[in-house]
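Worksheet: one structure, shown below.
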Amino acid sequence: MTDVTTTANASTVHAVTAATDGAMRALGRALAGLSRPGDLLILSGPLGAGKTTLTQGLGRGLGVRGSVTSPTFVISRIHPSLVGGPSLVHVDAYRLGGPDEIDDIDLDMTLPDSVTVVEWGEGVAEGLSDDRLEIRIERHPDDGRTVHLTPVGHRWAGVALPTSADIADEGATGVPDENSEG
Ligand SMILES: Nc1ncnc2c1ncn2[C@@H]1O[C@H](COP(=O)(O)OP(=O)(O)O)[C@@H](O)[C@H]1O
Ligand SMILES: [Mg+2]
27 MTDVTTTANA
37 STVHAVTAAT
47 DGAMRALGRA
57 LAGLSRPGDL
67 LILSGPLGAG
77 KTTLTQGLGR
87 GLGVRGSVTS
97 PTFVISRIHP
107 SLVGGPSLVH
117 VDAYRLGGPD
127 EIDDIDLDMT
137 LPDSVTVVEW
147 GEGVAEGLSD
157 DRLEIRIERH
167 PDDGRTVHLT
177 PVGHRWAGVA
187 LPTSADIADE
197 GATGVPDENS
207 EG
């Protein structure tokens with residue numbers, strides 16, 4: 027499938043096909059390769075869309091400590107880098123009431139030196155930064171996913187985002203599970 031880039035309301039939406047969970051992790055890894063301290067990624071999409079799966083790939087790509095999991099009782103988890111890079115701050119905003127409540131967890135303290143990913147962050151986390159990558163995952167009846175990437179702000183302007191072709195091979199050959207060794 028070809029990648030579709032459309033321009034709407036002055037923001038460019040870049041669509042990537044992720045046919046498997048391996049492809050979704052590969053997309054996360056590709057995004058890790060582009061990420062810098064201070065970056066904010068806002069993930070949206072229904073339960074089971076693949077938000078945590080993408081974050082697992084991101085954690086792998088950043089080389090951070092600990093398994094990236096869906097936090098049930100934890101709103102925010104910090105994974106320190108094992109390779110001298112930025113930490114991954116993984117937030118689940120599902121239970122947060124809105125922008126006021128996200129202020130209470132002081133993400134602005136860790137934001138400058140970390141890569142911050144907020145699951146269920148749409149409509150909640152935008153106020154954290156004028157520069158962000160908004161990632162909306164669409165799940166299809168055949169279980170494939172289309173990932174819509176919307177760069178917002180100067181930081182992401184002109185950044186060459188991953189394409190379906192970049193992640194398809196890894197997805198097809200499979201990527202080791204987050205918790206498997208070897
Ligand atoms: N692109 C994909 N294609 C098929 N299955 C996927 C894909 N991405 C994720 N999955 C699977 O969907 C399930 C839910 O993913 P998860 O990342 O936990 O979703 P979310 O965090 O959005 O609720 C997992 O079993 C995962 O392996
Ligand atoms: Mg999740």
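Residue numbers (this note's numbering): 27 to 208.
By construction, the Cβ of each residue, glycine as well, lies at the ideal position given by its N, Cα and C atoms.
Cβ shell of Ile101 (< 8 Å), same chain only, five flanking positions each side left out: Val117, Asp118, Ala119, Arg121, Leu122, Ile131
Same chain, Cβ closer than 7 Å to Gly153, five either side skipped, listed in chain order: Pro125
Classification of Ala45 by the beta-carbon crowding that lies within 10 angstroms, buried from 16 upward: buried
Exposure label - Ala191; buried when at least 16 CB within 10 Å: exposed
Contact under 8 Å by Cβ, Thr172 with Thr43: yes
Burial state of Ala75 (16 or more Cβ within 10 Å): buried
Residue of Asp156, Leu187, Thr79 minimising C-alpha distance to His2: Residue 2 cannot be examined here, being either before or after the span of the chain that is shown, 27 to 208.
Among Met135, Asp129, His105, Asp139, the one whose alpha carbon lies nearest that of Ala151: Asp129
Proximal residues to Ala183 (C-beta, below 7 Å), its chain only, five neighbours per side dropped: Pro177
Check whether Gly54 and Gly83 have beta carbons under 8 Å apart: yes
Continuous alpha helix (DSSP H) assignments of at least 4 residues falling wholly in the segment 44-103: 47-60, 77-88
Coarse secondary structure for Ser155, derived from DSSP in three states: coil
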